[in-house]
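Notes follow the structure.
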Amino acid sequence: MSAASPMPAWKPALWGTGQVAIQTYRDIPSLLLLFYMTQLLGISPAVAGLAIFVPKLVWSTTCDFAVGALSDRYRDRFPRRLLLLVGAALAPVALIALFIPPGGLEGDKALHVALVFTAYVTIFSIFSVPHLSIGAELTHVPEEQSRVMGWRTTFLAFGVMMGAGFAPWLIQRFGSGFQGYQIMSVVMAGICSVALILSFLGSREAPMVRSHATKSSKWEALKRNRPYRFLLAAFFAQMIGQGAAYATLTYLLVFKLALPDPFVALSISVVLTCTVQMLEQPLLVRITNRFGSRATFMAGSVVYSASLAWMGLGPPGSLMSFYGASIALGMTNAITWQSAFTRLSELIAQDADRHGGDSHAGFLSSLFVAGEKVAFSLGGTALAGSLLSLSGFVAGKTEQSQSAIWGIALIFALTPAVCNAAAIALMHRSRHADADGARMQGAYEQ
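So the number in my numbering is just where the residue sits in the sequence shown, counting from 1, plus 51.
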């Protein structure tokens with residue numbers, strides 16, 4: 052794709068719809084599964100966190116790498132886009148199964164969820180890695196890359212609205228018990244399937260870049276690509292904090308902020324956050340092109356941490372403060388996502404140029420997706436669950452101690468601040484290799 056033949060607007064827009072499925076599929080367990088396990092299944096936070104984290108750490112990363120490598124190697128025979136259809140068929144089954152109450156002995160509940168979640172994350176790899184790879188290869192023009200990732204961030208916001216806004220509303224609408232979770236899973240499964248089918252249709256004209264790269268050449272490309280390694284590490288750190296905030300948000304609304312109708316408040320908050328996030332996309336594309344993805348990422352991380360602190364440390368019972376923080380969160384979260392994935396797209400394009408057209412998009416995307424999921428799980432289940440237990444939180448109780456309540460607030464506000472500080476430091480160190488808005492050819496020579 053050249054600047055003389057601009058990419059049709061419908062292509063990144065239709066491709067971007069797949070992000071609705073990816074975000075919904077990610078956010079539902081990230082936001083609701085820990086709460087579901089502790090409050091409905093009666094599993095302790097530490098055990099519940101471990102049951103979710105182990106499948107992601109041990110199995111999900113393996114699946115991501117396998118899907119990325121195989122989709123690179125066999126792309127000429129089995130196009131990546133076909134994996135979106137596989138996801139459209141299997142993702143609804145896994146989502147519904149995740150919220151079927153386990154039978155048998157009391158001690159089997161955590162194991163049941165862990166086994167189902169293992170299948171769940173496998174299916175996630177099957178469609179999330181190819182989707183990101185396709186987006187990185189739609190164009191190699193830097194200005195168009197930011198537009199492609201702008202559509203991704205727009206539909207990401209819509210996916211958050213579905214997974215973190217509409218899904219909790221459905222649960223509360225149908226009683227907040229097992230029935231509510233089951234009805235929610237059926238409705239959201241249908242949304243995921245439709246989004247992946249639309250994305251499949253929109254990716255039909257993605258250029259077929261031949262890839263005959265060997266396994267060793269992929270790792271060699273990673274070794275030479277210093278900006279990518281800095282980005283991967285920074286995004287990993289940021290996702291640990293975001294995972295902790297996601298996992299404790301429901302607890303924050305119920306116990307620390309003590310909001311009336313917390314699931315309704317959560318739904319309204321998500322609508323506000325995501326509406327702002329979608330409306331500001333044209334401006335963010337221009338800002339990213341003007342100041343570069345690295346600088347934009349660093350600035351966005353600062354204000355994103357401040358937004359989470361406002362929400363987590365706000366006064367109890369104040370809907371106005373909570374909704375104001377939600378609007379600020381929408382403005383700042385979009386900046387970090389837009390800049391991070393624009394930079395990823397630039398670096399994948401540069402890698403293809405560096406290797407004479409051979410694409411490592413599947414491999415580099417799989418590393419990024421694996422890092423995101425492991426970090427999100429590390430922060431959202433293992434870390435958040437352990438810290439909740441240490442703060443004195445007792446599973447199943449409607450009244451919690453003051454130490455547990457303040458523990459929730461600090462996990463939500465402080466953990467992301469520390470993680471974002473680490474991410475900013477990593478991106479700052481990569482400044483010598485930065486050439487945003489271009490291909491960063493010289494970065495590989497560092």
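Note that CB positions come from ideal geometry on N, CA and C, so glycine has one too.
- For Val-327, the CB contacts under 7 angstroms within the same chain, skipping 5 residues up- and downstream, are Ile-378, Gly-381 and Met-382 in chain order.
- A check of alpha carbon separations from Asn-276 across Leu-415, Phe-129 and Leu-477 identifies Leu-415 as the nearest.
- The beta carbons of Ile-103 and Gly-214 sit no closer together than 9 angstroms.
- In this structure, Ala-246 lies near Gln-70, with their beta-carbon atoms less than 9 angstroms apart.
- In terms of CA proximity to Val-109, Leu-429 leads the group Ala-474, Leu-429, Ala-455 and Arg-480.
- DSSP, read as helix, strand or coil, puts Phe-444 in coil.
- Secondary structure note for Ile-234: its alpha helix (DSSP H) is the uninterrupted segment 229-253.
- Close CB contacts of Leu-439 within its chain, under the 6 angstroms cut and outside five residues either way in sequence, are with Pro-96 (chain order).
- In the three-state scheme derived from DSSP, where H, G and I count as helix and E and B as strand, Arg-77 is classed as helix.
- Only exposed fits Trp-61, as fewer than 16 other CB atoms lie within 10 angstroms of its CB.
- Burial of Thr-204 is indicated by the presence of at least 16 other C-beta atoms within 10 angstroms of its C-beta.
- In the DSSP assignment, Leu-136 falls within the alpha helix (DSSP H) that extends over 132-149.
- Of all alpha-carbon atoms in Ser-437, Ile-174 and Ala-426, the one lying nearest the alpha-carbon of Cys-470 is that of Ala-426.
- Put simply, the backbone Cα of Tyr-297 is about 22 angstroms away from that of Gly-226.
- Boundaries for Glu-450: no alpha helix (DSSP H) harbours it, and the DSSP string shows neither H nor E there.
- Cβ neighbours of Thr-393 within its own chain (closer than 7 angstroms, five residues either side excluded): Gln-196, Ser-197, Met-200, Thr-339 and Ser-344.
- About 22 angstroms separates the beta carbon of Ile-462 from that of Ala-218, a gap too long to meet the 8 angstroms contact definition.
- Taking the C-beta atoms as reference points, Leu-85 is found no nearer than 9 angstroms to Ile-291.
- Of the candidates Gly-138, Val-105 and Ala-99, Gly-138 places its Cα closest to the Cα of Val-118.
- Taking Lys-307 as the centre and dropping the five residues before and after it, the same chain places the C-beta of Ile-456, Ile-459 and Ala-460 closer than 6 angstroms to its C-beta, in chain order.
- Shortest Cα-Cα distance from Arg-280 to any of Asp-127, Ala-391 and Phe-342 involves Ala-391.
- Within the same chain, and ignoring the five residues on either side of Val-180 in sequence, the residues whose Cβ sits closer than 6 angstroms to its Cβ are Asp-115, Val-118, Gly-119, Ser-416, Ser-417 and Val-420.
- Under the 10 Å beta carbon count, Lys-448 is surrounded by fewer than 16 other beta carbons and is classified as exposed.
- In the DSSP assignment, Lys-62 falls within the alpha helix (DSSP H) that extends over 61-67.
- If you compare the alpha carbons of Val-98, Tyr-76 and Trp-66 with that of Ala-187, the shortest gap goes to Trp-66.
- For Leu-92, the three-state secondary structure derived from DSSP is coil.
- Here Thr-75 has Gly-210, Met-213, Gly-214, Met-239, Ile-242 and Cys-243 as same chain residues with Cβ atoms under 7 angstroms from its own Cβ, once five neighbours each way along the sequence are excluded.
- For Ile-185, the closest of Leu-395, Ala-142, Val-98 and Ala-99 by C-alpha to C-alpha distance is Leu-395.
- Under the three-state reduction of DSSP output, Ala-309 falls in the coil class, being neither helix nor strand.
- Under the DSSP assignment, Trp-220 falls in the alpha helix (DSSP H) whose first and last residues are 218-224.
- When the five nearest sequence neighbours on each side are left out, the beta carbons in the same chain lying within less than 7 angstroms of the beta carbon of His-163 are those of Pro-153, in order along the chain.
- Between the stretch 311-319 and the stretch 353-365 there are fewer than three C-beta pairs closer than 8 angstroms, too few to call the two in contact.
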